[in-house]
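Asker:
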Amino acid sequence: MNGPIIDTKKGKVQGINENGVNKFLGIPFAMPPVGERRFLPPFENDSWEGILDTTKFKASPMQLPGSSEGSMYPPEKRTSPSEDCLYLNVYTPENSQKKNLPVMVWLYGGHYMNGSSTSEGCEGSNFARNQDVVVVTFNYRVGIFGFMAHPKLHGKSEKCTNAGLEDMLATLRWIKANIEFFGGNPDNVTLFGVSAGSSAINVLLTCPEAKGLFHAAITQSGSPFNHDEWDIDELQEQKRCKKYLDSVGIDDEDLFTATVDQLLSKPDEYEASEFCPYVDGRLIPDRLEQSFLKGNIHDIPIILGCTADEAFILLGDREMVEKERFERTVTTKYPNHKKFIYEKYGAYLNDSPAYALGRFRSDNTIANMRYFASCLVENRLSPTFYYIFQRVTPGKEPYYFGAYHASENAYHFQNLSSKFINYGESDVRVSNTMAKYWANFARNHHPNTSDLPEWKQFDPDSNMIMYIDDPSECVPLKSKSLTIELQKMLEERTEKNNPGLGLNH
3 MNGPIIDTKK GKVQGINENG VNKFLGIPFA MPPVGERRFL PPFENDSWEG ILDTTKFKAS
63 PMQLPGSSEG SMYPPEKRTS PSEDCLYLNV YTPENSQKKN LPVMVWLYGG HYMNGSSTSE
123 GCEGSNFARN QDVVVVTFNY RVGIFGFMAH PKLHGKSEKC TNAGLEDMLA TLRWIKANIE
183 FFGGNPDNVT LFGVSAGSSA INVLLTCPEA KGLFHAAITQ SGSPFNHDEW DIDELQEQKR
243 CKKYLDSVGI DDEDLFTATV DQLLSKPDEY EASEFCPYVD GRLIPDRLEQ SFLKGNIHDI
303 PIILGCTADE AFILLGDREM VEKERFERTV TTKYPNHKKF IYEKYGAYLN DSPAYALGRF
363 RSDNTIANMR YFASCLVENR LSPTFYYIFQ RVTPGKEPYY FGAYHASENA YHFQNLSSKF
423 INYGESDVRV SNTMAKYWAN FARNHHPNTS DLPEWKQFDP DSNMIMYIDD PSECVPLKSK
483 SLTIELQKML EERTEKNNPG LGLNH
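In this text, residue positions in the sequence shown follow my numbering: the first is 3, and each later residue adds one.
1. Please say whether P83 and S159 have beta carbons closer to each other than 8 Å?
2. Determine the burial state of M322: buried for a count of at least 16 other Cβ atoms within 10 Å of its Cβ, exposed for fewer.
3. From this set, I390, K268, P396, which residue's C-alpha is nearest I146's C-alpha?
4. Buried or exposed, going by whether 16 or more other CB atoms sit within 10 Å of the CB of P210?
5. Can you give the Cα-Cα distance for V332 and K340, rounded to whole angstroms?
6. Just to confirm the assignment: which complete alpha helix (DSSP H) runs, minimum length 4, are found wholly within the segment 252 to 332?
7. Shortest alpha-carbon distance to G189 belongs to which of I203, G199, H217, S197?
8. Counting only the same chain and skipping the five closest in sequence on each side, list residues whose C-beta sits under 7 Å from that of W457.
9. By how many angstroms is the C-alpha of S225 removed from the C-alpha of R284?
10. Quick one: what's got a C-beta closer than 7 Å to V36's C-beta in the same chain, skipping five residues either side?
11. At the level of alpha carbons, what is the spacing between P34 and L88?
12. DSSP puts C476 in a beta bridge; with which residues?
13. Distance, Cα to Cα, D48 vs T139?
14. Taking the alpha-carbon positions, what's the M106 to F415 distance?
15. Report, in whole angstroms, the separation of the C-beta atoms of E291 and F194, which I expect to be a contact under 8 Å.
16. Measure from the alpha carbon of K490 to the alpha carbon of each residue in G504, P478, S197, K480, then state which is nearest.
17. Which one or two residues does DSSP pair with T57 in a beta bridge?
18. So what's P2 in DSSP terms, helix, strand or just coil?
19. May I ask which residues mark the beginning and end of the beta strand (DSSP E) holding L109?
20. Does the segment 269 to 281 come within contact of the segment 344 to 351, defined as at least 3 CB pairs closer than 8 Å?
21. According to DSSP, is S62 part of a helix, a strand, or is it coil?
22. With a threshold of 8 Å, are at least 3 pairs of Cβ atoms found where one atom belongs to the segment 96 to 110 and the other to the segment 171 to 180?
23. Near G397, which residues of its chain fall below 8 Å by C-beta distance, leaving aside the five closest residues on each side in sequence?
24. Tell me whether the beta-carbon of E410 lies closer than 8 Å to the beta-carbon of Q222.
25. What residues are listed by DSSP as bridge partners for T552?
26. Within 10 Å of its beta-carbon, does R330 have 16 or more other beta-carbons around it, so buried, or fewer, so exposed?
27. Are the Cβ atoms of V137 and G148 separated by less than 8 Å?
28. Pairs of beta-carbons, one from the segment 352 to 360 and one from the segment 372 to 392, closer than 8 Å: are there three or more?
29. Are the CB atoms of S364 and A310 nearer to each other than 8 Å?
30. DSSP three-state call for I7: helix, strand or coil?
31. Please classify A441 as buried or exposed, where buried requires at least 16 other C-beta atoms within 10 Å of its C-beta.
32. Cα separation between I343 and G28?
33. Measure the alpha-carbon distance for E273 versus L492 and round it to whole angstroms.
34. Does DSSP classify G185 as helix, strand or coil?
35. Helix, strand or coil for F149? Go by DSSP, reduced to three states.
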């Protein structure tokens, strides 16, 4: 083996050089969280002798079988889930060791229930080489393995809550201590993530222990104002965990000895449990809504946004969506605004209930992100940039509709290679533009450069938004009146749950 060798704080690692990129895959950032360390925060790993082979991905986080395999990789390169999963990957342009490059750290999505640092479309080689940045991807524990809450854990560790978030903090501390050896600047770290990864960034923006570990953030399709099921406290999460453990017959004494097969023996109940971060008064001091409305967040530059057609891929089989599902959504969440919603979306119901529901939920996401952006502008001094990704994915796959949730990942990672999607030259132009914006933001804390359309900061008055497509353009919010009306509905619902808190209009 003759790949590049880097001397880290724990020992030497040897990676592989491919197509102008040095890749270091499967670097341990903590001890394996197995046995008596299961469910607990990561323990610092020991140093090693010799040179560690870091040329292949390690295991994905433990989750339901089949949920983490990325189809972009041939079978021999796919990773299977394991509890021994606390590894990270570093991608650098070759000869980068003395460049002091910006560092971009990716947090994958998956509803905190699945996902992996090897998720499809999110391999960091092309992005690192083309944009001259250091890319780090890493695993954090998901599901019950990452977000177990149980009284028995308090006897094991002083820091016994939200182990999955502790994995993120351990990664950021590893970067702080080691990334300079790879040519990265430890004082210029940008987090970027999608869906649950974006939600996790929002959590870290409120986390006292994360302060100073990252310096800018890009949150893709994740707002602190749309995750009621995740804004729970430790006692509620304990009840959720106990209910599931009872269903699979695992008692308190078996927590650390139960097999993985036992822990995952009821997939339907497991998925319905939606294990997730919870307010523990330590890593998460308060409900996210309250922290953001109070301005208790780290004051750093932020890009935020979503796709134009977020919700359609999340509907499942569109042929199975009936009018009753639309009615249930509206009645449950916005009973005081049924008339307005039916005026705007009711015309679609007879022809396509799925389109009516998908369009409403997608427009609602755009409004939610505007609410988020307005909150950031009101409570921080650092700049805020808002985007809407509206590039329609080529092809007519059954569940792919328009610019769907997370469809932008392959574009900013510059991984337009898929056996399912026939990307064209126009998609390559969108990919190049988006990747440049993301990398410029990481490098300079603003996305602009002379060869791209100017991306102006967002504020609630001018409503300037970058619409990413071919071509991209920064213009005032489209469908402004509809978006603001939907935002008012969201604000009303949020302020009902947080008396005395709200935006100053």
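We treat Cβ as the ideally placed atom computed from N, Cα and C, and that holds for glycine.
Just so you know, these numbers come straight off a predicted model, no measurement behind them.
Answerer: So, to answer that:
1. Residue mapping note: residue 159 aligns to position 157 of the sequence shown, counting from 1. Residue mapping note: residue 83 aligns to position 81 of the sequence shown, counting from 1. The Cβ atoms of S159 and P83 do not sit closer than 8 Å to each other.
2. Residue numbering aside, residue 322 sits at position 320 when the sequence shown is read from its first letter. Under a 10 Å Cβ-count criterion, M322 is classified as exposed, with fewer than 16 other Cβ atoms of the shown protein chains found around its own Cβ.
3. For the purposes of this step, residue 146 is identified with residue 144 of the sequence shown, where counting begins at 1. Considering only alpha carbons, the answer is K268.
4. Here the question's residue 210 lines up with position 208 in the sequence shown. Classified as exposed, P210 has fewer than 16 neighbouring CB atoms from the shown chains inside 10 Å of its CB.
5. Against the sequence shown, residue 332 aligns to sequence position 330. Against the sequence shown, residue 340 aligns to sequence position 338. Looking at the two C-alpha atoms, the distance is approximately 6 Å.
6. Those alpha helix (DSSP H) runs which fall completely within the segment 252 to 332 and span 4+ residues are 262 to 265, 269 to 275, 290 to 296.
7. On the sequence shown, residue 189 is found 187 positions in, with the first residue counted as 1. Contrary to the premise, residue 189 reads as Asp rather than Gly in this sequence. Selected option, being the one with the closest Cα: H217.
8. In the sequence shown, counting from the first residue as 1, residue 457 sits at position 455. If the five residues before and after W457 are omitted, its C-beta is found closer than 7 Å to the C-beta atoms of F387, Y439, P449, N450, M468, C476, all from its own chain and listed in chain order.
9. Against the sequence shown, residue 284 aligns to sequence position 282. Against the sequence shown, residue 225 aligns to sequence position 223. Distance from the CA atom of R284 to the CA atom of S225, rounded to whole angstroms, is 21 Å.
10. Reading the sequence shown from its first residue, position 34 is the one you call residue 36. Cβ within range, chain order: E85, D86.
11. On the sequence shown, position 32 is the one that residue 34 refers to. On the sequence shown, position 86 is the one that residue 88 refers to. Taken atom to atom, the span from the alpha-carbon of P34 to that of L88 is near 6 Å.
12. For the purposes of this step, residue 476 is taken as the residue at position 474 of the sequence shown. For C476, which the question treats as bridged, DSSP gives the partners M468.
13. Along the sequence shown, one-based indexing puts residue 48 at 46. Along the sequence shown, one-based indexing puts residue 139 at 137. Straight-line Cα distance between these residues: approximately 21 Å.
14. Stepping through the sequence shown from its first residue, residue 106 is reached at position 104. Stepping through the sequence shown from its first residue, residue 415 is reached at position 413. Straight-line Cα distance between these residues: approximately 11 Å.
15. Start at 1 with the first residue of the sequence shown, and residue 291 comes out as number 289. Start at 1 with the first residue of the sequence shown, and residue 194 comes out as number 192. With a Cβ gap of about 23 Å, E291 and F194 do not count as contacting.
16. In the sequence shown, the residue the question calls residue 490 occupies position 488. With distances taken between Cα atoms, K490 lies closest to G504.
17. Sequence index remark: in the sequence shown, residue 57 carries index 55 (1-based). In the DSSP output, where bridge partners are listed per residue, T57 has L27.
18. The question about residue 2 has no answer here: the residues shown for the chain are numbered 3 through 507.
19. Here residue 109 refers to the residue found at position 107 of the sequence shown. DSSP places L109 inside the beta strand (DSSP E), whose first and last residues are 103 to 109.
20. Result no; under three Cβ-Cβ pairs closer than 8 Å.
21. Taking the first residue of the sequence shown as position 1, residue 62 is located at position 60. Correct three-state label for S62: strand.
22. The segment 96 to 110 is in contact with the segment 171 to 180.
23. Position 395 of the sequence shown holds residue 397. F422, I423, N424, listed in sequence order.
24. Taking the sequence shown and counting its residues from 1, the one referred to as residue 410 is at position 408. Taking the sequence shown and counting its residues from 1, the one referred to as residue 222 is at position 220. Contact annotation: E410 and Q222 have beta-carbon atoms nearer than 8 Å.
25. Absent from the structure is residue 552, since the part of the chain shown begins at 3 and ends at 507.
26. In the sequence shown, counting from the first residue as 1, residue 330 sits at position 328. Around the beta-carbon of R330, fewer than 16 other beta-carbon atoms lie within 10 Å, marking it exposed.
27. On the sequence shown, residue 137 is found 135 positions in, with the first residue counted as 1. On the sequence shown, residue 148 is found 146 positions in, with the first residue counted as 1. Taking 8 Å as the cut-off, the beta carbon of V137 is found no closer than this to the beta carbon of G148.
28. Judged by Cβ distances under 8 Å, the segment 352 to 360 makes no contact with the segment 372 to 392, as fewer than three pairs qualify.
29. Position 362 of the sequence shown, counted from the start, is the residue given in the question as residue 364. Position 308 of the sequence shown, counted from the start, is the residue given in the question as residue 310. Contact: yes.
30. Here the question's residue 7 lines up with position 5 in the sequence shown. Correct three-state label for I7: strand.
31. The residue labelled residue 441 in the question sits at position 439 within the sequence shown. Label assigned to A441: buried.
32. Taking the sequence shown and counting its residues from 1, the one referred to as residue 343 is at position 341. Taking the sequence shown and counting its residues from 1, the one referred to as residue 28 is at position 26. If you take the alpha carbons of I343 and G28, they lie about 49 Å apart.
33. Indexing the sequence shown from 1 puts residue 273 at position 271. Indexing the sequence shown from 1 puts residue 492 at position 490. Going from the Cα of E273 to the Cα of L492 covers about 27 Å.
34. Within the sequence shown, numbered from 1, the residue matching residue 185 stands at position 183. In the structure shown, G185 sits in coil (DSSP, three-state: anything other than H, G, I, E or B).
35. The residue you call residue 149 lines up with position 147 of the sequence shown. F149: helix per DSSP, three-state reduction.
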